[in-house]
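Heads up, the sequence shown is in our numbering, so the first residue is 113 and it goes up one at a time. Cβ atoms here follow ideal geometry from the backbone N, Cα and C, with glycine treated the same way. Note that this is a predicted model, so its numbers are computed, not measured.
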Amino acid sequence: GPRTPADLPETTTHCPYCALQCSTELSGGPGRVGVRPSPDFPVNRGGLCQKGWTAPALLGTPGRLLTPLVRGADGVLAPASWDDALDLVAGRLRRTRERYGADAVAVFGGGGLTNEKAYTLGKFARVALGTSRIDYNGRFCMSSAAAATLAAFGLDRGLPFPVTDLDDSDVVLLAGANPAETMPPLMRHLERADLVVVDPRRTRTAERAALHLQPVPGSDLALALGLLHLAVTEGLVDKEYVDARTTGFEAAWESCAAWWPERVEAVTGVPVADMRRAVRMLAGARRAHVLTGRGAEQHSKGSDTVAAFIGLALALGLPGRAGSGFGTLTGQGNGQGGREMGQKADQLPGYRSLTDPADRAHVASVWGVDPDALPGPGPSAYELLDSLGTPEGPRALLVFGSNPAVSAPRAAHVTERLSALDLLVVADFVPSETAALADVVLPVAQWAEEEGTLTGLEGRVLRRRAHLSPPPGVRTDLELLHALAVRLGQPPERFPVRPREVFDELRRASAGAPADYSGISYARLDAGEALHWPCPAVPGGDHPGTPRAFLDRFAHPDGRARFAAVEHRPPAREPDAGFPLYGTTGRVLAQYQSGAQTRRVPELAEAAPEAFVEVHPDTARRLGLADGALAEVESVHGSTRARVRVTRTAREDTVFVPFHYPGAARANLFTGDALDPRSRMPEFKVSAVRVTPVGER
Ligand code: SF4
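Laid out in structure tokens, this is it:
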């Protein structure tokens, strides 16, 4: 039927969910908002996935939070006025700080927050609270790719080229990315290319591949080193490019010299002939791309794994060459912008450093505060969650745009830590599993009710526009932070509530920084300009932005990209007699992240109603697991209950559970807390598990 009643002007905005940020046109009034894909936006080109088509259902979702809630003496969350709720929060934050110090208050942000919100949240933490304890859920998503690309190229931008460059690519290697399921409209850009897919599962993307390499979970780094080894020994290295544009090739060769093909096959299970074919396909293509996703990144060696795939791309001369390249596919809606705006434990806006005196001075002057009063770097997301309510850790936590009770690793332990706090405050528009643990819940506006910007996976800054006003009783995050800051003694003008004002401030904060937004304005974006950062303010005209970042030079001072010397190592915990299988986690098309939003959309709940555990038929037979029966997936950290799905997409030695579901079905009940030493990324993608049938009564 028609989805767009024609009685109201349409609003052009973007989907609330993933990093593809498909452009949409919203129409119709409250209760009957219609959506259609914008026909001309180059990223989705008239396409949306099932999540985008059904997003308006979120606006009036039953159970939507419409009033603040405060937990009473009886332990029940009960409605309260905004003034009462905010007074209570501010009073308790003040007392916590006075009694235990500024670091006793912590903030946890999200990669779906707009740039304006992420920026304000970082400023709020460091100025209004004076705490170093702030990090965000992007640490669980993009941090390994960020660490590796920063080291290699001197700049961390997910795709340093427009998505449409992929249209003309001949060969695309996807390492641990499953866009056919996670961001289907992206596949429109991969129709021409031959795909080489690296994934332990035979995913929807792998089914469309010319070549599927199916490594043992946790062995992707060895595979990448093996591919680089083959590129060298087969004489496929682009020597001219390597000489002119890179450093460190010799050291990278030394680190992969011992990874001869047969040894790599023994470790990864990938046949030598397939590896050779993959390298030849990439080297023989006129235009080729190497892209990584969470499958390569969410490991205790995630940043080294990405570095090794970058090494392969550099050896073949792809990054910074017109029509070719290396990139990472961002996951969350503002996965790119969310990590540039200063909600990360170690960074100030624009990717400025929290430890560099000049960076601190610049941002402090924009904020109108003393640079010496700014705290230093704090612990990473998991370490922060792990420390909550401990004698040395924070006693109060504010959560914005995240649901760590479901999405953090070792979820039972994290839930326990959240419950041990003196004060947990959650701002959200749905009663998430984390909100259910809170002492105070603050209802905030959602995507189609707010203005702002997000930065898509190709570094293009996008406008989010309000189609409706927020329902009565609901505030925007910026209004909420303003009201709290004022109650904490901040001058009101320091925390603007209008997104446009915040954007103008973040332009100044990012001026001259790697992620420079100073030349971008709402006016330019609203005029339809496609602006990719860096886009500095230039005198006497408009900078066109930087759709392709490295064509002339990489962002290191010498202009060269750096190979890394990395060593393969096994996952923190390999299967053994007690826990003989690999357990891995990921996403399905009809759900998004912790599912707090998508599980409430009827069409999506119907399409993907519950968790499942994918088991290979032979493994199922051996373990007595019947299709559709309940099973327990157990690691040393905990166990998850889900229905068995017998399927050949799984390797015999591996089971897969999607992580969108709550309660006993949380996949993160079995994931562990091993962290990548550089990025502090937890090892979501490899656990050692056993699977047993659960008797149903
Ligand atoms: Fe597009 Fe992602 Fe939204 Fe799907 S979830 S419509 S791929 S932005």
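- Sequence-distant partners of HIS324 (beyond 5 residues in either direction) whose C-beta falls short of 6 Å from its own C-beta, in its chain, are VAL309 and ALA318.
- Rounded to the nearest whole angstrom, the CA to CA distance from VAL511 to GLY657 is 33 Å.
- Relative to the ligand SF4, the nearest heavy atom lies less than 6 Å away from the CB of MET295.
- Counting the other CB atoms within 10 Å of its CB gives GLY164 a total of 16 or more, which places it among the buried residues.
- In the same chain as GLY513, and ignoring 5 residues on each side of it, the C-beta atoms closer than 7 Å to its own belong to GLY221, GLY222, GLY224 and LEU225, in chain order.
- Rounded to the nearest whole angstrom, the CA to CA distance from ASP589 to LEU596 is 10 Å.
- The beta carbon of GLU495 sits closer than 6 Å to no other beta carbon from its chain once the five residues preceding and following it are set aside.
- Across the set LEU233, GLN162, ASP215 and ALA192, the C-alpha of ASP215 shows the shortest separation from the C-alpha of PRO491.
- Residue pairing by DSSP places HIS644 opposite ARG572 in a beta bridge.
- In this structure, TYR129 has its CB closer than 6 Å to one or more heavy atoms of the ligand SF4.
- A distance below 6 Å between beta-carbons, with the five flanking residues on each side excluded, links GLY405 to the following residues of its chain, in chain order: GLY288, ALA289 and LEU441.
- For GLU137, the enclosing beta strand (DSSP E) begins and ends at 135-139.
- For GLU746, the three-state secondary structure derived from DSSP is strand.
- Restricting attention to GLU452, ASP765, PRO483 and GLU795, the CA atom closest to the CA of THR467 is found in PRO483.
- Here SER367 is not near ALA673, since their CB atoms are 7 Å or more apart.
- In the structure shown, the three-state DSSP call for PRO469 is helix.
- Each residue's CA atom was taken as its position, placing VAL478 and ALA263 some 28 Å apart.
- For a cut-off of 8 Å, the C-beta gap from GLY234 to PRO461 is around 7 Å, short enough to register as a contact.
- Remark: C-beta atoms of VAL379 and ALA334 approach each other more closely than 7 Å.
- Under DSSP, the beta-bridge partners assigned to VAL310 are ALA287 and LEU325.
- Pairing ARG681 with ARG314, the inter-Cα distance amounts to about 24 Å.
- Contact annotation: LEU342 and VAL391 have beta-carbon atoms nearer than 7 Å.
- Contact annotation: GLY571 and HIS474 have beta-carbon atoms that are not nearer than 7 Å.
- Taking a C-beta distance under 7 Å as the contact criterion, GLU795 and ALA684 qualify as a contact pair.
- Proximity to THR124 across ALA131, SER135 and THR166 peaks at SER135, based on C-alpha coordinates.
- For ALA800, the secondary structure class from DSSP, reduced to helix, strand or coil, is strand.
- Checking the 6 Å criterion, the Cβ of GLY164 is within range of a heavy atom belonging to the ligand SF4.
- Pairing ARG320 with VAL284, the inter-Cα distance amounts to about 12 Å.
- MET299 is the residue among MET299, ALA649 and LEU536 whose C-alpha sits nearest the C-alpha of GLY158.
- For SER499, the three-state secondary structure derived from DSSP is helix.
- Relative to the ligand SF4, LEU569 has its C-beta separated by 6 Å or more from all heavy atoms.
- Segment contact: the segment 515-529 against the segment 550-562, fewer than three CB-CB distances shorter than 8 Å; contact not assigned.
- Secondary structure note for TYR248: its beta strand (DSSP E) is the uninterrupted segment 246-248.
- For THR358, same chain residues with a beta-carbon under 8 Å away, outside a window of 5 residues either side, are LEU426, ARG672, ALA673, ARG674 and PHE675 in chain order.
- Per DSSP, PHE220 is one residue of the beta strand (DSSP E) stretching across 217-221.
- By the 16-neighbour rule on beta-carbons within 10 angstroms, GLY432 is buried.
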